[in-house]
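Take a look at the structure set out below.
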Amino acid sequence: MNASNNIGIVNAQYAQFNTPISCKSGAVLPNYELVYETYGTLNSDKSNAVLVCHALSGHHHVAGYYADDPKNVGWWDTMVGPGKPIDTEKFFVIGLNNLGGCHGSTGPMSINPKTGKPYGASFPVVTVEDWVESQARLADQLGIDQFAAIIGGSLGGMQALQWSLAHPGRVRHVLAIASAPRLTAQNIAFNDVARNAILTDPNFYGGDYYEHGVVPTRGLRLARMLGHITYLSNDAMADKFGRGLRSDKYSYSYDIDFEIESYLRYQGDKFAAYFDANTYLLMTKALDYFDPAREYDDDLNKAFAVARANFLVVSFTTDWRFAPERSRAIVKSLLHNRLKVSYAEITSTHGHDSFLMQHTHYHNVMRAYFDNIASEFTA
Amino acid sequence: MSTHDHSTLAATRPDFAAIAAWIPQGASVLDLGCGDGSLLRYLQGTSKVQGYGVEISDDNIVACIRNQVNVIQGDLESGLSGFESNAFDYVILSQTLQATRHTEPLMQEMLRVGREGIVSFPNFGYWRNRMDILQGNMPVSEVLPYQWYDTPNVHLCTLHDFETFCHDNKIYILDRRVMTGDSEIRLLPNLLGSTAVYRFKRAV
Chain A
760 MNASNNIGIV
770 NAQYAQFNTP
780 ISCKSGAVLP
790 NYELVYETYG
800 TLNSDKSNAV
810 LVCHALSGHH
820 HVAGYYADDP
830 KNVGWWDTMV
840 GPGKPIDTEK
850 FFVIGLNNLG
860 GCHGSTGPMS
870 INPKTGKPYG
880 ASFPVVTVED
890 WVESQARLAD
900 QLGIDQFAAI
910 IGGSLGGMQA
920 LQWSLAHPGR
930 VRHVLAIASA
940 PRLTAQNIAF
950 NDVARNAILT
960 DPNFYGGDYY
970 EHGVVPTRGL
980 RLARMLGHIT
990 YLSNDAMADK
1000 FGRGLRSDKY
1010 SYSYDIDFEI
1020 ESYLRYQGDK
1030 FAAYFDANTY
1040 LLMTKALDYF
1050 DPAREYDDDL
1060 NKAFAVARAN
1070 FLVVSFTTDW
1080 RFAPERSRAI
1090 VKSLLHNRLK
1100 VSYAEITSTH
1110 GHDSFLMQHT
1120 HYHNVMRAYF
1130 DNIASEFTA
Chain B
77 MSTHDHSTLA
87 ATRPDFAAIA
97 AWIPQGASVL
107 DLGCGDGSLL
117 RYLQGTSKVQ
127 GYGVEISDDN
137 IVACIRNQVN
147 VIQGDLESGL
157 SGFESNAFDY
167 VILSQTLQAT
177 RHTEPLMQEM
187 LRVGREGIVS
197 FPNFGYWRNR
207 MDILQGNMPV
217 SEVLPYQWYD
227 TPNVHLCTLH
237 DFETFCHDNK
247 IYILDRRVMT
257 GDSEIRLLPN
267 LLGSTAVYRF
277 KRAV
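If you read the sequences in order, they're chains A and B.
So for the first sequence, the working numbering puts the first residue at 760; every next one is plus one.
So for the second sequence, the working numbering puts the first residue at 77; every next one is plus one.
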């Protein structure tokens, strides 16, 4: 581990909330816990806080590593750390695991205090709006009235956008990376196939598989394999795997022949071993439901009328799951409302996954933008 | 931005001062092919404009952000579909017209998106350019710094050409400044001016 540009050893912290949260679905959670990590130091006037919102399979461990698990490096360690684009020597960065997650925040796996059993199917279907509400309560606990920036990729970008709508006065800069103002029918379709893989797994038991001592591994594995295909570009797959074979001959069976099959199965297995199927269902549904224009006659311009933040919108040329045109729709509505916005369309071969990659130009854009944010409170 | 920065920029690009003189305080401005954002940064200082730039180059996107200028990455040649009609007071095309391929539709797009358009370009009719041609060479100068084989300039024109173009396309010219270096040229502008700046709107 290179200590010079890594934040180093980090620790997860827990915040307990005993004020009930009313979800958009109408369900109420009487109390809940959120797990989070922080990096850097909150300055005296609390003006340097940055919230990192995670995507479908993300969590609170954004940067650094754990003392007892040095190989477990945060999922955005390339972006967040000392001297990195989100420089922890200037910013106080918060990563959290969203409500409904499976990495320590209250979710379907957690014990429902009313029943003494895991929530399972009874855990509410939470939305991006609910997450933002819970994140605002975490900010309250940490004494942060206004974030310097809120950033996220993909589903995380939707949360960042929602912050600008739900709490326009509480965020100065919103960064939506590889995101969308709402999913397309095709995108919802992919999510529904993934959900069906889980829902039809015989070990799913209507979501209450915990008490049967089993896990719907097959479904979760298939869901992840499908998702993974959509996060990569055709070109990236062709470059990495092509039609490469595991051995030189076809097996003329249904065993693994091609490298891509081996890779996808490995990714599926790895994911199914640590991720919770109910959380996967819930996260994909949150993606599908997010649509701020819906309450404004499908007019995104009207939805953004309340926003006050400055925006950076970033997309990637080969991302077909959250295509550049989806980001351009966000930009158009921000322009309509005369909000400050910059938009970068990064040429990258890595599809939707690009937002997690270390790409020189992408990181230069982020660094330039965050340097400007830092100049606002250090000047 | 300090006054010093303004004068430095104005000296580097005399068309900046001419453009700034036309733009009222607080106007909304879209700068097409905005480069590193120098003009918008200048206008933000002189006229407190609400400015956005459009740029295609990766390096310039970073430069604009560093210059604290809003920039939208995009290709002018594919039109301005990302912008609503009448969204801006002024749409500027500074030293870029001559390098556009779809010049006619782009001029129309400028006047769809903006109330008025402002264009600056090197005058191909400038006497030094004519001398170069008479001597049998393509002009190469400070304003036209490229060789024939590496120039991005595919649609060079003279003042006369541009004015005829506007007439034919129902574009009404509101104002014109012709310059050589930082001096304004009033006499025989198509011969003595190296750079022209025009302000125009749709003819009704």
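All C-beta atoms, glycine included, are put in the ideal place defined by N, C-alpha and C.
A quick note: this is a predicted structure, and the numbers were derived from the prediction, not measured.
>> Assuming A822 (chain A) and V794 (chain A) are in contact, meaning their beta carbons sit under 8 Å apart, how far apart are those beta carbons, in whole angstroms?
In response: Incorrect: roughly 15 Å between the Cβ atoms, too far for contact.
> Residues in its own chain within less than 6 Å of M214 (chain B) by CB, not counting five upstream and five downstream?
Replying inline: Closer than 6 Å at Cβ, skipping near neighbours: W224.
>> A163 (chain B) and L1098 (chain A) - do their beta-carbons sit closer together than 8 Å?
In response: Pairing L1098 (chain A) with A163 (chain B) gives a Cβ-Cβ distance that is not under 8 Å.
> What residue from B:D112, B:A93, B:V125 has the CA that sits closest to Q101 (chain B)'s CA?
Replying inline: B:V125
>> At the level of alpha carbons, what is the spacing between V138 (chain B) and I947 (chain A)?
In response: 34 Å
> Along the stretch 1065 to 1092 of chain A, what residues have a CB closer than 7 Å to any CB found in chain B?
Replying inline: R1087, V1090, K1091
>> Quick check: what's the CA-CA separation for S869 (chain A) versus R142 (chain B)?
In response: 46 Å
> Taking Cβ-Cβ distances below 8 Å as the criterion, which residues of the stretch 1092 to 1103 of chain A are in contact with chain B?
Replying inline: L1094, H1095, R1097, K1099, V1100, S1101, Y1102, A1103
>> What does DSSP give as the partner residue(s) for N146 (chain B) in the beta ladder?
In response: Within the DSSP secondary-structure output, N146 (chain B) pairs in a beta bridge with B:Y128.
> Which residues in chain B sit within 7 Å of A1127 (chain A), going by Cβ to Cβ distance?
Replying inline: V138, I141, R142
>> With a threshold of 8 Å between beta-carbons, can V189 (chain B) be considered close to chain A, or not?
In response: Between V189 (chain B) and chain A, the shortest Cβ-Cβ separation is not below 8 Å.
> Can we say the stretch 890 to 909 of chain A touches the stretch 1109 to 1126 of chain A, given the rule of at least three CB pairs closer than 8 Å?
Replying inline: no
>> Just list the residues that DSSP pairs N1069 (chain A) with in beta bridges.
In response: N1069 (chain A) is bridged to A:H932.
> Just reading off the beta strand (DSSP E) that M1042 (chain A) is part of, what are its end residues?
Replying inline: M1042 (chain A) -> not in any beta strand (DSSP E); alpha helix (DSSP H) instead, spanning 1036 to 1048.
> Can you give the Cα-Cα distance for G965 (chain A) and Y1039 (chain A), rounded to whole angstroms?
Replying inline: 14 Å
> Per DSSP, what kind of secondary structure is F850 (chain A) in: helix, strand or coil?
Replying inline: Correct three-state label for F850 (chain A): coil.
> With DSSP run on the structure shown, which of helix, strand or coil describes G1110 (chain A)?
Replying inline: Correct three-state label for G1110 (chain A): helix.
>> Contact defined as beta carbons within less than 8 Å: I believe A937 (chain A) pairs with V1090 (chain A). What is the distance between those atoms, to the nearest angstrom?
In response: 14 Å between Cβ atoms; not a contact.
> Considering C242 (chain B), what are the terminal residues of the alpha helix (DSSP H) in which it resides?
Replying inline: 235 to 244
> Going by DSSP, which residues form a beta bridge with T797 (chain A)?
Replying inline: Beta-bridge annotation (DSSP): T797 (chain A) is paired with A:I853.
> In chain order, what residues of the same chain have a beta carbon less than 6 Å from the beta carbon of F1159 (chain A), not counting five sequence neighbours either side?
Replying inline: The structure shown does not extend to residue 1159 (chain A), since chain A is modelled only from 760 through 1138, so no value can be given for it.
>> For a contact defined as C-beta to C-beta under 7 Å, what are the partners of V811 (chain A) on chain B?
In response: Here the premise fails: no neighbours, minimum Cβ distance about 20 Å.
>> On the DSSP bridge list, what partners appear for A982 (chain A)?
In response: Answer is none; A982 (chain A) lacks a bridge partner.
> To which residues of the same chain is Q252 (chain B) closer than 6 Å at the C-beta, ignoring the five residues directly before and after it?
Replying inline: Contrary to the premise, residue 252 (chain B) reads as Arg rather than Gln in this sequence. These residues qualify, in order along the chain: Y274.
> What are the start and end residues of the alpha helix (DSSP H) that includes Q900 (chain A)?
Replying inline: 887 to 900
> So who's on the other strand from A272 (chain B), going by DSSP bridges?
Replying inline: B:F197, B:V254, per the DSSP bridge assignment.
>> Give me the DSSP bridge partner(s) of G911 (chain A).
In response: A:C812, A:A935
> With D258 (chain B) and P90 (chain B) assumed to form a contact (beta carbons below 8 Å), what rounded beta-carbon distance in angstroms separates them?
Replying inline: 4 Å
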